[in-house]
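Visitor:
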Amino acid sequence: MTAENHAKRKGRSRSGKTGTLAIIGTLLLLSAGFRLATEAGQVIASEPETAATEAEPPPARLDLARPEQMNAALEAIRAREERLIAREAEMDEREATVSAAESAIQGELDKLEAAEESLRETIALASAAAEDDLAQLTKVYSNMKPKQAAALFEKMDSTFAAGFLGRMASENAARIMAGMSPEKAYEISVKLAGRNAEIPLE
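All residue numbers for the sequence shown refer to my numbering, where the first residue is 3 and numbers rise by one.
Okay, structure coming up:
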């Protein structure tokens, strides 16, 4: 074998090895590319689900109160509402009672004022009638003869007699007292002096 043939065979051997390595490298690159494409697709496909999961957390993760706690809170609210309603009703009833009592008291006051006014009118009428009666009797006694009038005043209460004599003219009273007994005339004089002493000078 010549040197030239040996060189040709050696060159073909190197060329075969190089081609084989290139094919293996290409297959590895294709396999890696396929694997990367598959993983990228899975990642892309899973992104919407992940975003949806993050935007809307599952109900199990919500911070909700337990049913028994919620029921207890509702019962407390209902109880408080019932207490408020009962208290409001009690206040309304008390206000109605006070209003009725005030109306009754005002009615009694109105009746009392009406009774007082009627009593004042009655007293005024009685006083006027009594004054008229006294004036009429005083006039009758003044027109009587002194001796007859003295006999009546002798039997009359000294205070009552002094009231009539005090209404008469001085001369008429003096003539009547002159016909009385000294004791009776003295008693009536004391009564008249006492009445005059009670009259203010100013």
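A virtual CB, placed ideally from N, CA and C, is assigned to each residue, including glycine.
Rounded to a whole number of angstroms, what is the C-alpha to C-alpha distance between Glu-173 and Ala-180?
Guide: Their Cα atoms are separated by approximately 11 Å.
Visitor: Work out the CA separation of Ala-164 and Tyr-143 for me, nearest whole Å.
Guide: Cα to Cα, the separation comes out at about 13 Å.
Visitor: Distance check for Leu-121 and Lys-141, CA to CA, integer angstroms please.
Guide: Rounded to the nearest angstrom, the two C-alpha atoms are 29 Å apart.
Visitor: If you count every other CB in all the chains shown that lies within 10 Å of the CB of Lys-193, and 16 or more means buried, which is it?
Guide: Buried: at least 16 other Cβ atoms inside 10 Å.
Visitor: What are the boundary residues of the alpha helix (DSSP H) that includes Met-179?
Guide: Per DSSP, Met-179 belongs to the alpha helix (DSSP H) from 172–180.
Visitor: According to DSSP, is Met-93 part of a helix, a strand, or is it coil?
Guide: Helix.
Visitor: Who are the Cβ neighbours of Glu-156 in its own chain at under 6 Å, not counting the five residues just before and after it?
Guide: Excluding sequence neighbours, Glu-156 sits near Met-182 and Lys-186.
Visitor: Mind checking whether Ile-178 and Ala-151 have CB atoms under 8 Å apart?
Guide: Result yes, Cβ atoms of Ile-178 and Ala-151 sit closer than 8 Å.
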